[in-house]
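Undergrad: First residue of the sequence shown? That's 834 in the numbering used here, and the numbers climb one at a time after it. Idealized CB from N, CA, C, for every residue including glycine. Once you've had a glance at the structure underneath, I'll fire off some questions.
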Amino acid sequence: MASKDQPLDDHNCTPSKKTWLFGPDWSGRRCGAKTRSGKPCQKPALKHNARCQIHGGRGGAPAGERNGNYRTGEYTKQTLREKREAFQRIRELVAIGKQIGMFD
């Protein structure tokens with residue numbers, strides 16, 4: 834408990850030990866997100882991300898069927914890649930067909 838001589842808001846910290854304050858004078862990398870008030874977030878960005886922990890910085894959900902939002906698998910990365918490859922083969926076959934006069 835703080836005595837009457839010590840203010841409660843300083844928590845007995847010297848200015849150099851106030852590492853929990855990320856105000857406008859802090860020189861590190863910032864989050865980059867806008868808060869609900871429209872002002873930029875003052876929290877530090879995570880190591881490998883441009884956002885802080887609150888604005889989408891941590892891990893995320895597992896991929897594929899282990900994800901709780903997984904439904905049919907129609908839009909998985911693998912399925913989309915297979916569809917792109919199939920459509921590319923179709924375009925190549927149509928081009929060959931046009932060259933030999935198949936579609937006159």
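Starting from L926, trace the alpha helix (DSSP H) both ways and give me its first and last residue.
TA: K910 to Q932
Undergrad: Taking its Cβ as the centre, do 16 or more other Cβ atoms sit within 10 Å of L841, making it buried, or is it exposed?
TA: Confidence at L841 is low in this model, with a pLDDT of 49, below 50, so the placement of that residue should be treated as unreliable; the coordinate-derived value is given next. With fewer than 16 other Cβ atoms within 10 Å, it is exposed.
Undergrad: Whole-angstrom Cβ separation of R899 and P877, contact assumed at under 8 Å?
TA: R899 to P877, Cβ: 31 Å. No contact.
Undergrad: Three-state secondary structure (DSSP) at R899?
TA: helix
Undergrad: Between the C-alpha atoms of K872 and T909, what's the straight-line distance to the nearest angstrom?
TA: 36 Å
Undergrad: R863 bridges to which residues according to DSSP?
TA: P877
Undergrad: Rounding to the nearest angstrom, what Cα-Cα distance links S860 and L879 in this structure?
TA: 14 Å
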